[in-house]
Every structure is written in structure tokens, then in C-alpha cells.
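Okay, so here's the structure we're looking at.
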Amino acid sequence: MGYRETYESWQNDPEGFWMEEAKAIDWAVPPTKALTDHGDNLFEWFADGMVNTCYNAVDRHVEQGRGDQVAIIHDSPITGTKEKITYAELQRRVAFLAGALAERGIRKGETVIIYMPMVPEALEAMLACARLGAIHSVVFGGFAAHELAVRIDDCKPRAIIAASCGLEPGRTVEYKPLLDGAIEQSAHKPEFCMILQREQHRCDMIEGRDVDWHEAQKEAKPAPYVPVEGNWPAYILYTSGTTGAPKGVVRPTGGHLVALNWTMKNIYNVDPGDVFWAASDVGWVVGHSYICYAPLIHGNTTIVFEGKPIGTPDAGTFWRVIEEHNVRSFFTAPTAIRAVKREDPKGEFVKKYDLSGLRALYLAGERADPDTIVWAQEMLGKPVYDHWWQTETGWTIAGNPAGLEALPVKIGSPTVPMPGYEVHILDEAGHPQKPGELGAIAVKLPLPPGTLPTLWNATERFVKSYLTTFPGYYETGDAGMMDEDGYLYIMARTDDVINVAGHRLSTGAMEEVLAGHPDVAECAVIGVSDALKGQSPIGFVCLSKGVNRPHEEIEKECVQRIRDQIGPVAAFKKALVVDRLPKTRSGKILRATMVKIADGDPFKMPATIDDPAILDEIKTALQRIGYAQD
1 MGYRETYESW QNDPEGFWME EAKAIDWAVP PTKALTDHGD NLFEWFADGM
51 VNTCYNAVDR HVEQGRGDQV AIIHDSPITG TKEKITYAEL QRRVAFLAGA
101 LAERGIRKGE TVIIYMPMVP EALEAMLACA RLGAIHSVVF GGFAAHELAV
151 RIDDCKPRAI IAASCGLEPG RTVEYKPLLD GAIEQSAHKP EFCMILQREQ
201 HRCDMIEGRD VDWHEAQKEA KPAPYVPVEG NWPAYILYTS GTTGAPKGVV
251 RPTGGHLVAL NWTMKNIYNV DPGDVFWAAS DVGWVVGHSY ICYAPLIHGN
301 TTIVFEGKPI GTPDAGTFWR VIEEHNVRSF FTAPTAIRAV KREDPKGEFV
351 KKYDLSGLRA LYLAGERADP DTIVWAQEML GKPVYDHWWQ TETGWTIAGN
401 PAGLEALPVK IGSPTVPMPG YEVHILDEAG HPQKPGELGA IAVKLPLPPG
451 TLPTLWNATE RFVKSYLTTF PGYYETGDAG MMDEDGYLYI MARTDDVINV
501 AGHRLSTGAM EEVLAGHPDV AECAVIGVSD ALKGQSPIGF VCLSKGVNRP
551 HEEIEKECVQ RIRDQIGPVA AFKKALVVDR LPKTRSGKIL RATMVKIADG
601 DPFKMPATID DPAILDEIKT ALQRIGYAQD
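Heads up: the sequence shown at position 91 corresponds to 91 in UniProt numbering, and the numbers run straight through without jumps.
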């Protein structure tokens with residue numbers, strides 16, 4: 001069946017469609033029904049089945065005689081090392097690591113935070129937790145101590161698994177001081193920390209709390225896998241909330257397995273045994289779904305890459321990895337391709353490598369601008385597929401189902417909704433918009449398997465954040481339109497979460513940090529257009545009365561505060577001291593107008609503005625740093 005037939009088959013019998021797909025997963029107890037409706041628009045999939053994620057991702061491939069197939073390739077241009085781990089070896093490592101955790105009290109229902117760089121052990125830690133029915137929460141390695149502390153207090157882990165360091169081009173990021181600082185700040189204290197000592201930097205251990213990864217693994221007995229209910233949480237992944245408080249997205253086990261397995265052939269067009277590469281990080285949803293889980297569940301070889309698109313050593317590193325490891329489908333963020341394009345506009349590095357085995361490039365994480373897509377198409381001579389999804393969904397809402405049927409690419413559109421997603425464009429009152437009309441993008445409930453059923457310990461917040469604006473729909477927080485052919489176009493965010501190099505970050509969280517500066521009375525953070533990163537944050541601060549220090553000094557301190565408390569990932573490099581912020585008469589800061597000024601876009605004077613002269617002051621301040629050009 002092609003795309004239309006498959007989508008219609010889902011529409012005609014949604015539960016039958018997913019029950020059929022569930023047969024591709026090995027269940028300890030198969031589910032007797034697909035969907036459970038709890039009322040109030042709360043749903044769960046495969047709730048009465050029993051299953052284990054680690055078994056499906058590792059053990060079953062060994063049992064089916066494919067233990068000698070490579071499961072994970074670790075390629076680190078930063079250390080100059082490469083490693084290949086077979087499914088049989090992965091099974092051994094994960095079982096012994098799970099045993100070491102079990103001996104220290106980690107069992108079904110316990111939470112574990114994983115704070116790791118891009119090494120195979122990060123995947124092993126995730127799988128070891130899944131083996132025991134423990135719920136993991138991966139936090140981006142090197143995230144600031146304060147942000148890690150917030151997550152410790154929210155999910156209350158019994159243990160934290162971390163590495164001694166992460167590696168960036170030209171520098172080593174010591175994780176242990178950040179970890180120790182986070183535990184010191186947090187009200188909740190983990191019982192133990194398991195530390196992977198990397199030879200590039202060995203850290204000091206705290207006696208009685210810290211455990212050496214390899215020593216613990218050596219002394220352990222292998223742990224069997226523990227079947228869990230189909231609606232059991234596989235993991236918690238924190239995403240930025242508009243209030244600045246992170247939201248713990250819950251991923252249910254059964255639906256996660258079924259949906260991700262379906263995507264590998266139907267969307268990414270790979271068969272078991274093929275090499276699949278998602279150039280992301282395990283701290284983000286792409287790393288969870290498409291570095292760790294989906295490729296292994298489907299029996300593919302996955303690549304764990306410790307490097308950057310440029311500078312490790314050059315703009316050809318992506319193409320070198322694709323040639324060397326015979327990558328079939330490659331998935332990365334548009335910002336990574338933009339960085340390569342900026343370094344190598346004529347594609348000289350592309351010509352050095354044999355990319356004949358590559359079938360397609362997939363882009364997601366932010367809007368793929370037409371220039372980037374056209375450049376990649378011309379240089380690679382391969383299809384380039386944009387696709388759109390969110391941390392909350394865990395897999396594609398709209399994409400090009402190349403394994404089913406490669407649909408014509410319309411540049412600027414991530415193509416069409418996938419089975420499971422009935423996408424509507426709504427006006428503010430919740431009425432459907434006509435083709436070509438802009439509106440809020442919403443998905444009719446229930447959402448498909450693998451998507452979030454709730455937030456961690458915050459069902460009320462889940463309902464308020466996603467299900468209240470448009471009753472009967474999931475609110476995506478994105479605005480866009482559909483054309484006459486059913487192609488979706490994503491135009492903008494509808495909240496204050498900005499997209500910096502594929503990472504969704506809350507400007508509200510940044511404002512909280514700036515507001516904590518002793519000299520700052522008021523502040524606002526906006527996301528401005530950035531040719532490389534998609535968006536970059538700029539902060540505006542109004543000083544408390546009587547502060548007479550040099551503005552440049554305060555601006556530098558503001559930048560450092562964001563770096564210390566949110567981390568380098570925010571890419572926050574500009575803070576401007578201004579006298580006033582533009583507001584409505586009711587006191588709302590006109591952030592959207594400020595963005596238009598910064599980007600040099602035309603804008604209407606807001607009818608409710610308190611003092612129009614303030615906009616000229618904002619424009620002058622922005623021009624000082626190269627923005628707001630006419």
C-alpha cells in the first residue's frame with residue numbers, strides 16, 4: 001500500500017491498525033486491546049500488555065541468530081577512536097550493568113538520571129534501566145548545575161549515572177563538579193552515583209556515594225529483563241516550559257516500541273541490518289528515539305558520533321562517516337547542514353567521499369529553510385526530506401513516508417501527516433481554517449501510540465498546557481497552514497519557546513535568570529533570526545534605580561549568568577541595557593513586536609501600546625549590535 005491507502009486504513013480502523021503493527025513487537029503478554037479511554041481526553045495504548053524495551057532492542061536479535069551483527073558504532077573524531085559493538089556484546093554489557101544497578105536497589109519503578117556524553121555507555125545506561133523496568137531521565141551532558149538540580153528535584157532519582165567528562169573541540173568539559181554542584185543545590189539527594197571514568201579526564205570520587213562504573217559491572221551478576229505493563233513509563237524527558245519550569249514528558253513503553261518500529265521502514269526506509277545515523281545527542285528526543293531506541297528495536301546498526309559537523313576536523317566529517325560506515329539514511333538538524341554549507345559552500349568536501357550508499361537526508365528539529373534544502377539536494381544528489389515532530393510526540397507528526405511511497409517534495413513543507421495524526425489548522429475560536437489560511441496547528445485526540453499520555457507527576461499541567469485551548473485536540477504550540485494537497489507548512493511558534501540550533505529553549509527561563517541579577521529591575525528575552533542557528537536569544541535589561549556601574553560590565557555579567565545557570569546550549573551572547581521595555585497599557589511586554597524590529601521586518605504599531613517612542617529606543621539599541629537594519 002502507498003501513503004494514501006495506509007493513511008485511510010488507519011482512519012477507517014485506528015485501533016485495528018495499531019493492533020496489527022503491535023504484532024511486530026515481542027510481548028511477554030500480548031495486549032488484548034489497543035486503546036484505553038480514561039475520560040477527560042486522557043488515553044493510553046496497549047495498557048494490558050506486558051513487554052520489555054531492552055528485550056526488544058537487544059535480546060531478541062541475539063535469540064534470532066543475529067548476535068554477530070554490529071548494533072552500535074562509536075565514532076569519535078575528537079578522541080580519534082572508533083568502536084564496534086555487536087548485539088551479543090551489547091546484551092552482555094547491558095545485562096551486567098543492569099545487575100550492578102539491581103544490586104544497589106534499582107528495580108521497577110525507581111527513577112535514574114543519566115548525565116552522559118556521546119559514548120556507547122550512554123545507550124547502555126538507558127537500556128540497563130529499561131531492562132529493570134526503572135524509569136530513566138537523560139539530562140544533556142554538561143547542562144548547568146542549576147538546571148540539573150531542578151530535574152533532580154522533579155523526578156527524585158535513586159541514582160545518577162554520569163561520566164567524568166565530555167569532550168568538545170579543543171576543550172574538556174568536567175561533569176563531576178557540575179554533578180556535585182547540582183546535588184548540593186537539590187533538596188532531593190540520590191543514594192549513589194555511578195561514574196564512568198574516561199581516560200581523557202579522571203575525576204575524584206566521593207567515598208560512600210560514588211561508584212566506579214567498570215568495577216561495579218565486573219562484580220555484578222547479569223540481570224534478567226523485567227516485563228512491564230504496556231502503559232508503564234519508559235522514560236521522562238524534560239522539555240522547556242513557557243513558565244521556565246521544565247515539563248517532564250512521559251514516554252509509555254508499549255506504544256513507544258510499536259510506533260518507533262513502524263517508523264524505521266515506513267519513514268526512514270531502512271531494513272534490519274542497515275546502518276542508520278541520527279547526528280544528534282542522547283540529551284534530546286532525537287537521541288532517545290533515533291540514536292538509541294528505534295534503530296535497535298528494528299534491528300539496525302546505529303551510530304554514536306562524538307564530534308561536530310565542522311571543526312572535527314573539517315566540514316567533511318559527516319560525509320566521511322557516511323562513506324566509512326555505509327550509512328543508508330542520515331538524520332540531522334538544519335543548523336548542522338547550514339554550518340557545513342557556510343564552511344564549504346561549493347561542496348568541495350562532499351566530492352571527496354563516496355556517498356552512493358546513502359538513500360536520503362532527513363532534517364528535523366527546526367524549520368528547514370529552502371536555501372539549506374536546495375544546497376543539500378544539489379551537493380548530495382539525494383532526496384532531502386524535512387519532517388516535523390516534537391519532544392512530546394517522540395516521532396514524526398508530518399513527514400515524507402519514503403519507505404511506503406516517496407511523495408513529491410514541496411520545499412518549505414515537512415509533507416503530510418503520518419497515520420495516527422489527524423492534523424487540523426484552527427483559528428483562535430477553534431474553527432477549521434481553509435487551505436492556505438494560517439492558524440494554530442492542532443491534532444485531534446487521541447494521539448497515536450508512543451506520544452505523551454501525561455507529564456511526570458503533573459496531569460493538571462498536562463491538560464492545561466496541551467488540551468485546554470482547543471477541546472478535543474492536542475495543541476502543538478505551532479502555527480501554520482495546509483495546502484490543497486494536504487501538505488502541512490509550519491510557520492512559527494505560538495509561545496515563547498525559541499529554537500536555537502534545533503534545541504527548544506524557553507525565553508521565560510532565561511528571563512528568570514536575568515531577573516536574578518542584583519542590578520536588574522526588569523527584563524525581556526526574544527529570539528531573533530540567525531542564519532546559522534535558526535534563532536538566537538537577545539536579552540534586554542532595565543536597571544534598578546541608582547545603579548551607576550558601566551553598562552558593558554552589567555551586560556557581560558548577564559551573559560555569564562545565562563551560561564552558568566542554563567548552559568552554553570542557550571547560545572546567549574547579547575544582553576542590552578535599555579531604559580524601558582515596550583508594553584501594552586495592561587503591562588504586557590510586546591516581545592513579538594521587538595522580534596520584528598530586530599529582524600528588520602515590517603510591523604503594525606500595536607493598538608494597545610503605552611508609549612510608541614519606546615520602540616525607537618529599542619531599535620537604536622539593537623542597531624548598536626548589528627540588528628534592526630532598515
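Just so you know, even glycine gets a beta-carbon here, dropped at the ideal spot from N, CA and C. Please read all numbers here as calculations on a predicted model, not as lab measurements.
Unbroken beta strand (DSSP E) runs of length 3 or more, entirely within the stretch 400-459: which are they?
423-426, 439-444
Using DSSP's beta-bridge definition, name the partner residues of Gly527.
Pro537
Within the continuous beta strand (DSSP E) that includes Trp277, where are the two ends?
275-278
Taking 8 angstroms as the limit between beta carbons, can you name the residues of its chain near Gln185, skipping five residues before and five after?
Ala145, His146, Ala149
Start and end of the alpha helix (DSSP H) containing Ser137?
From DSSP, Ser137 is part of no alpha helix (DSSP H) but of the beta strand (DSSP E) over 135-138.
For the alpha helix (DSSP H) holding Ala88, just list the boundary residues, first then last.
87-103
Hey, could you find the ends of the beta strand (DSSP E) His74 is sitting in?
70-76
Around the Cβ of Ser544, are there at least 16 other Cβ atoms within 10 angstroms (buried) or fewer (exposed)?
exposed
Over the uninterrupted beta strand (DSSP E) stretch that includes Met1, give me the two end residues.
Taken as a continuous stretch (DSSP letters only), Met1 belongs to no beta strand (DSSP E), as it is neither H nor E.
Sorted by chain position, which residues of the same chain lie with C-beta nearer than 7 angstroms to Met510's C-beta, five sequence neighbours on each side aside?
Val525, Pro537, Gly539, Ile562, Ile566, Ala570, Phe572
Here's a check: name, in chain order, each residue in its chain whose Cβ is nearer than 6 angstroms to the Cβ of Leu615, leaving out the five neighbours to either side.
Pro582
Taking the beta strand (DSSP E) that Trp45 belongs to, which residues open and close that run?
43-45
Contacts around Val340, its chain only, beta-carbon distance under 7 angstroms, and the 5 residues preceding and following it disregarded
Pro309, Ile310, Ala315, Phe318
Looking at C-alpha atoms only, which residue of Gly299, Lys619, Tyr385, Phe462 is the closest neighbour of Glu63?
Gly299
Which residue from Ala279, Glu378, Ile297 puts its Cα closest to that of Phe330?
Ala279
Run the CB neighbour count on Pro612, radius 10 Å, all protein chains shown included, and call it buried at 16 or more, exposed below.
exposed
Inter-residue spacing [alpha-carbon to alpha-carbon] between Ala98 and Ala223
6 angstroms
Checking the sheet assignment: what are the DSSP bridge partners for Met194?
Ile161, Val211
Ala575: first and last residue of the uninterrupted beta strand (DSSP E) it sits in:
574-577
Spell out a yes or no on whether the stretch 29-41 and the stretch 269-277 are touching, meaning 3 or more CB-CB pairs, one atom from each, closer than 8 angstroms.
no
For Ser544, which of helix, strand or coil comes out of DSSP?
coil
Smallest Cα separation from Gly430: which of Pro471, Ala458, Leu358?
Pro471
Out of Asp59, Glu5, Thr335, Pro227, state which residue places its alpha-carbon closest to the alpha-carbon of Asp530.
Thr335
Between which residues of its own chain and Gly181 is the CB-CB distance below 7 angstroms, once the five residues before and five after are set aside?
Ala145
Pop quiz: Val327 and Val275 are said to be a contact at Cβ under 8 angstroms. What is the actual Cβ separation, rounded to whole angstroms?
5 angstroms
Under the three-state DSSP convention, the category Lys108 falls into
coil
Would you call the stretch 110-125 and the stretch 150-168 in contact, with 3 or more CB pairs under 8 angstroms?
yes
Note down the Cα distance separating Gly142 from Gly166, rounded to an integer number of angstroms.
7 angstroms
CB contact below 9 angstroms: Leu404 versus chain B:
You won't find chain B in this structure, because it holds only one protein chain.
Keeping to the same chain, check which residues put their C-beta closer than 6 angstroms to that of Thr476; ignore five residues upstream and five downstream.
Ile441
Out of curiosity, what's the CA-to-CA distance linking Arg192 and Ala575?
Correcting the residue type first, residue 192 is Phe in the shown sequence and not Arg. Between Phe192 and Ala575, the C-alpha separation is close to 39 angstroms.
For Met50, collect the residues of the same chain with a Cβ closer than 8 angstroms to its Cβ; drop the 5 residues on either side in sequence, then sort them by chain order.
Trp27, Ala28, Val29, Pro227, Val228, Glu229, Gly230
What is the C-beta distance between Met481 and Leu426, in whole angstroms, given that I count them as a contact (C-beta under 8 angstroms)?
In fact, because the Cβ distance is near 11 angstroms, the residues do not count as touching under 8 angstroms.
Within 10 angstroms of its Cβ, does Lys346 collect 16 or more other Cβ (buried), or is it exposed?
exposed
Val556, buried or exposed, once every other Cβ within 10 Å from all chains shown has been counted against 16
The sequence shown places Lys at residue 556, rather than the Val named in the question. Lys556 should be labelled exposed.
For Lys84, which three-state DSSP category applies?
strand
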